[in-house]
Ligand SMILES: [Zn+2]
């Protein structure tokens with residue numbers, strides 16, 4: 001297939017990270033393939049555009065602030081959530097006392113069961129106890145007693161032993177992705193197929209893995225300091241964090257066998273739109289988000305307190321398959337693929353696009369998903385200057401945050417961190433800038449099983465790529481998660497190209 005767009009960008013980042021402070025590590029493998037937007041010309045053009053849009057920005061920001069849809073979900077700490085939960089339960093208790101159907105014993109038991117399945121025993125117990133029927137219901141009392149027993153049997157999981165795995169958009173049609181064109185190598189190295197992902201989930205679930213969030217591992221206190229979180233799970237369960245990078249369905253991936261956008265279906269579920277080879281558009285489980293949602297629906301105990309995963313988002317091609325970047329509106333400084341998109345879609349309505357993306361993001365957050373910045377332009381934060389990162393982050397705040405909500409998390413593009421393994425210090429200009437913009441959770445890419453740093457100021461975690469490259473060259477490094485031979489998609493061309 002002939003590609004319209006830029007070639008695959010494959011960066012091997014020789015990292016200076018040391019793992020766990022002991023053994024020197026490894027080559028850090030970048031896992032993103034996309035055109036990164038950081039050449040000088042684009043930069044200055046963008047700066048001009050920014051200046052031209054300064055006024056507009058003012059009013060946009062005001063609108064954003066007033067829009068309740070933009071409340072940050074990702075920044076909610078478990079403590080805040082608990083408080084919200086309690087308030088919701090209180091409200092419910094009041095409602096229940098005057099509404100015989102919703103206070104139905106069976107309904108309450110079912111609700112409590114769902115919370116307990118996701119290890120929120122305290123929540124389950126309070127759903128039951130806060131209802132006036134509790135005093136006279138044997139079943140509710142029995143259930144509450146059983147949940148208390150389960151809660152008491154939970155053990156605190158060591159936070160430093162929590163792994164973090166990540167993916168890119170999944171390959172739906174392997175014959176389109178592996179069609180011999182210039183993008184094939186990158187897809188083979190850095191992507192995972194739908195069938196591989198599904199098998200990984202099943203195996204990890206069977207082993208006792210449970211999805212948690214960095215927001216469970218560390219919490220921000222009212223005074224701005226950070227404290228260690230507490231993850232309580234039944235003996236044998238293994239918490240882990242999952243993230244997916246670059247969920248923008250970039251233009252360059254068009255026609256290569258990937259989903260094209262996330263949408264809300266008639267049941268209110270998040271699904272993917274996917275264009276089949278014959279041109280028909282179907283809706284279904286074609287990427288990480290809907291596949292994981294369906295899996296958790298079937299296996300609620302795969303999720304801790306309703307957690308799903310984190311999406312690391314850039315902005316230059318929009319988000320979630322919606323072309324929401326300012327360039328699509330101003331039509332200035334457009335890249336060739338963006339121009340081609342607008343030409344092919346003469347009815348494109350920017351405001352509608354933004355509205356639709358917001359709706360999807362809101363539904364996802366409600367359903368346990370979180371968003372992180374991956375920088376606006378997929379910038380390498382190690383090699384960029386603090387000033388460049390500032391310019392870039394302003395664009396994220398302007399064009400991405402209004403849609404996804406503010407976030408306190410950065411998942412570094414290319415895994416390229418702003419400091420070495422020893423940690424961030426106050427003389428680190430990049431860190432100080434990001435901190436001043438509310439970022440407190442930082443993730444790089446690290447091949448070791450665990451890399452967790454929690455200080456009184458920030459949280460930091462390394463992530464492991466579960467992609468073709470890692471599976472092919474280092475299957476042994478994934479043995480704690482699954483046996484590569486059990487998940488490997490035989491339609492991958494081999495050998496997987498070296499980086
Ligand atoms: Zn990336």
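Residue numbers (full-length UniProt numbering): 1 to 499. The beta carbon of each residue, even a glycine, is placed where N, CA and C say it ideally should be.
Taking every protein chain shown into account, the CB of residue 136 has fewer than 16 other CB atoms within 10 angstroms, so this residue is exposed. The beta-carbon separation of residue 147 and residue 305, rounded to 14 Å, does not stay under the 8 Å limit for a contact. For residue 228, the enclosing beta strand (DSSP E) begins and ends at 226-228. Taken in chain order, the complete beta strand (DSSP E) segments of 3 residues or longer contained in the segment 257-327 are 261-264, 270-275, 281-284, 310-313.
Residue environment for residue 423: exposed (fewer than 16 other C-beta atoms within 10 angstroms of its C-beta). Not one heavy atom of ligand 1 falls within 6 Å of the beta-carbon of residue 381. Residue 132 sits exposed, since fewer than 16 C-beta atoms from the chains shown fall within 10 Å of its C-beta. For the segment 160-205, the continuous alpha helix (DSSP H) assignments of 4+ residues that do not extend past its boundaries occur at 174-177, 184-190, in sequence order.
DSSP, reduced to helix, strand and coil, places residue 117 within a helical segment of the structure shown. Uninterrupted beta strand (DSSP E) stretches at least 3 residues long and entirely within the segment 365-435 occur at 370-373, 409-411, given in chain order. For the 7 Å CB-CB criterion, residue 219 and residue 239 do not form a contact.
Taking the Cα of residue 278 as reference, the smallest distance to any Cα among 288, 295, 257, 265 is reached at 257. The segment 176-193 makes no contact with the segment 451-460: fewer than 3 CB pairs, one atom from each, lie closer than 8 Å. Not one heavy atom of ligand 1 falls within 6 Å of the beta-carbon of residue 401.
Here residue 499 carries a coil assignment [DSSP, helix/strand/coil].
Separation of the CB atoms of residue 329 and residue 316 is rounded to 13 Å, and the pair is thereby denied contact status at 8 Å. Here the segment 488-499 lies against the segment 187-197, with 3 or more beta-carbon pairs under 8 Å apart.
In this structure, residue 289 lies away from residue 310, with their beta-carbon atoms at least 7 Å apart.
In terms of CA proximity to residue 285, 263 leads the group 157, 263, 153. Nearest neighbour of residue 374 by Cα position, chosen from 386, 417, 366, turns out to be 417.
Short of 7 Å from the beta carbon of residue 324, and not among the five residues preceding or following it, lie these beta carbons of its own chain, in chain order: 318, 353, 354, 357, 399, 403. The segment 331-350 makes no contact with the segment 360-379: fewer than 3 CB pairs, one atom from each, lie closer than 8 Å. Shown here, residue 475 sits in a helix according to DSSP, grouped into three states. DSSP, read as helix, strand or coil, puts residue 214 in helix. For residue 360, the CB contacts under 7 Å within the same chain, skipping 5 residues up- and downstream, are 262, 263, 264, 270, 320 in chain order. Closest option to residue 231, judged by alpha-carbon separation, among 298, 245, 336, 154: 154.
Between residue 307 and residue 183, the beta carbon gap of about 33 Å keeps them out of contact (Cβ cut-off 8 Å). If you ignore the 5 residues before and after residue 463, its C-beta comes within less than 6 Å of the C-beta of 164, 166, 443, 445, all in its own chain and listed in chain order.
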